[in-house]
Amino acid sequence: MPLLFELTGIRFAYPGRPPVLNGLSLRLDEGERIALAGPNGAGKSTLLHIMVGLLRPQAGTVVAFGVPRRNEREFHEVRRRAGLVFQDPDDQLFCPTVAEDIAFGPLNLGRSRAEVLEIVDRTLARLDLSHLRDRVTHKLSGGEKRLVSLATVLAMEPDVLLLDEPGNGLDEETRGRLVRILNDLPHALVVISHDARFRRAVTSHQYRLRDGRIGPSETHVAGGAVEP
Ligand SMILES: Nc1ncnc2c1ncn2[C@@H]1O[C@H](COP(=O)(O)OP(=O)(O)OP(=O)(O)O)[C@@H](O)[C@H]1O
1 MPLLFELTGI
11 RFAYPGRPPV
21 LNGLSLRLDE
31 GERIALAGPN
41 GAGKSTLLHI
51 MVGLLRPQAG
61 TVVAFGVPRR
71 NEREFHEVRR
81 RAGLVFQDPD
91 DQLFCPTVAE
101 DIAFGPLNLG
111 RSRAEVLEIV
121 DRTLARLDLS
131 HLRDRVTHKL
141 SGGEKRLVSL
151 ATVLAMEPDV
161 LLLDEPGNGL
171 DEETRGRLVR
181 ILNDLPHALV
191 VISHDARFRR
201 AVTSHQYRLR
211 DGRIGPSETH
221 VAGGAVEP
C-alpha cells in the first residue's frame, strides 16, 4: 500500500521573504494520525496548503496517493481525496445556508440531487448538527462555523483529513464532542493544534515544526509522556 503523502526536501518562501519551510520532509501512512505543533508563524498552515497544492514549493517533491504532484491537474485529485479544514471557517463557508454549504462539494463532484440531500442529512446527523441545517451560515457562532466547516469536508468523503486548529474557539464540552467525532472517523489525520491535550486525544504521533523542518515533539525525544 503506497504512503498517502510523502514530502521530501520541501523549501517554500513567500515572495520577498525568507524561507518558511527549508528542507522539510514528512510521511503519512494509511490510517496514520499525526499532530503538528510549533510556534506561531512556523509554517504549519503553509505546509497543509502545500500538501493539497494551494501553494507550490520552490524545491522538493510532493508525492500524494502514490503519484508525484506538480501541476494543477495533478493536485485536483489530491484536493478531492484530502479534505483540508482551514484555520479560519470564513475561508471555508461561502453559501447562504448550512445545508447549501455542505451540498456544494458533493454537487461539484457530480452527485445527484437526491444523493446530495441524503449526504447533507447524514453528515449533519453524524456531527450532531442537524439543528443547524437551515441556518444562515454567516450568522452561526464561531464554534458552530468550525464544526460546519468539518461537515463540508466530510461530505466530500475524503480519504485523509487535514485539520488546521480544529479545536480553536470551542468550549470544553464541544471540544470533547469533536474529540469523540474525530476518534470515531476511520480517516488518516494531520492535525495542527497548539493544545497538547487535544493533540494527544486525537493522534498517535506528535511532531514539531521549527526552523523550517519537522522533528519529533520534544517530549517524545525526552521520552516523557507529559507535555507542558
Ligand atoms: N500570503 C502570505 N504572504 C506573506 N507571508 C505569509 C503569507 N501567509 C503566511 N505568511 C507568513 O508565513 C509564516 C508562516 O505562516 P503560517 O500561517 O504557515 O504559520 P503557522 O505555523 O500556521 O502559524 P500559527 O500557529 O500562528 O497559525 C508567517 O510568518 C506568516 O506571517
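Residues in the sequence shown are numbered consecutively from 1, following the UniProt record's numbering. Note that the Cβ used here is the ideal one computed from N, Cα and C, for glycine as well. Please read these numbers as outputs of a predicted model, since none were measured by experiment.
Unbroken alpha helix (DSSP H) run spanning residue i, endpoints
| i | result |
| --- | --- |
| Glu-100 | 98-108 |
| Leu-48 | 44-51 |
| Asn-183 | 172-184 |
| His-76 | 72-81 |
| residue 229 | Any answer about residue 229 is impossible in this case: the structure gives the chain only from 1 up to 228. |
| Arg-135 | No alpha helix (DSSP H) contains Arg-135, which DSSP labels as neither H nor E. |
| Arg-208 | Looking at the DSSP string, Arg-208 is not in any alpha helix (DSSP H); the run it does join, the beta strand (DSSP E), is 205-210. |
Nonlocal neighbours in the same chain, by C-beta distance under 6 Å from residue i, ignoring five residues either side
| i | result |
| --- | --- |
| Ile-119 | Pro-106 and Ala-155 |
| Arg-208 | Ala-37, Gly-38, Gly-215 and Ser-217 |
| Tyr-14 | none |
| Leu-3 | Arg-27 and Asp-29 |
| Glu-32 | Ala-188 |
| Leu-163 | Val-85 and Val-191 |
| His-205 | Ile-34 |
| Glu-6 | Arg-27 and Val-63 |
| Pro-228 | Low confidence applies to Pro-228: its pLDDT is 37, below 50, so where it sits in the model is not reliable, and the reading given next is rough at best. Excluding sequence neighbours, Pro-228 sits near nothing in its chain. |
| Leu-150 | Val-85 |
Spatial neighbours of residue i in its chain, beta-carbon cut-off 7 Å, leaving aside the 5 residues before and after
| i | result |
| --- | --- |
| Asp-195 | Gly-167 |
| Thr-8 | Ser-25, Gly-60 and Thr-61 |
| Arg-81 | Phe-65, Pro-158, Asp-159 and Val-160 |
| Gly-224 | Confidence at Gly-224 is low in this model, with a pLDDT of 37, below 50, so its placement is unreliable and no value can be given for it. |
| Arg-210 | Gly-38, Pro-39 and Ala-42 |
| Gly-23 | Gly-9, Arg-11, Gly-212 and Arg-213 |
Sequence-distant residues of the same chain with beta carbon closer than 8 Å to residue i, five excluded per side
| i | result |
| --- | --- |
| Glu-74 | Gly-53, Val-67 and Pro-68 |
| Ala-222 | For Ala-222, the pLDDT reaches just 37, beneath the cut-off of 50, and the residue's location in the model is therefore unreliable, although a value from the coordinates is still provided. Counting only Cβ-Cβ distances below 8 Å, and skipping sequence neighbours, we find nothing. |
Classification of residue i by the beta-carbon crowding that lies within 10 angstroms, buried from 16 upward
| i | result |
| --- | --- |
| Gly-83 | buried |
| Gln-58 | exposed |
| Lys-44 | buried |
| Lys-139 | exposed |
| Arg-180 | exposed |
| Pro-89 | buried |
| Arg-199 | buried |
| Arg-122 | exposed |
| Val-116 | buried |
| Glu-144 | buried |
Residue i - containing beta strand (DSSP E), residue span
| i | result |
| --- | --- |
| Glu-6 | 5-12 |
| Ser-25 | 21-28 |
| Thr-61 | 59-64 |
| Val-191 | 188-192 |
| Arg-213 | 213-216 |
Contact with chain B by residue i, beta-carbon distance below 8 Å
| i | result |
| --- | --- |
| Phe-104 | Absent from the structure: chain B. Only one protein chain is present. |
Residue i CB to nearest heavy atom of ligand 2 below 7 Å
| i | result |
| --- | --- |
| Pro-15 | Because ligand 2 does not appear in the structure shown, any question about it cannot be addressed here, the ligands present being ligand 1. |
| Just the residues with CB closer than 5 Å to a heavy atom of ligand 1, in chain order, which are they? | Qualifying residues, in the order they occur: Tyr-14, Val-20, Asn-40, Gly-41, Ala-42, Gly-43, Lys-44, Ser-45 and Thr-46.
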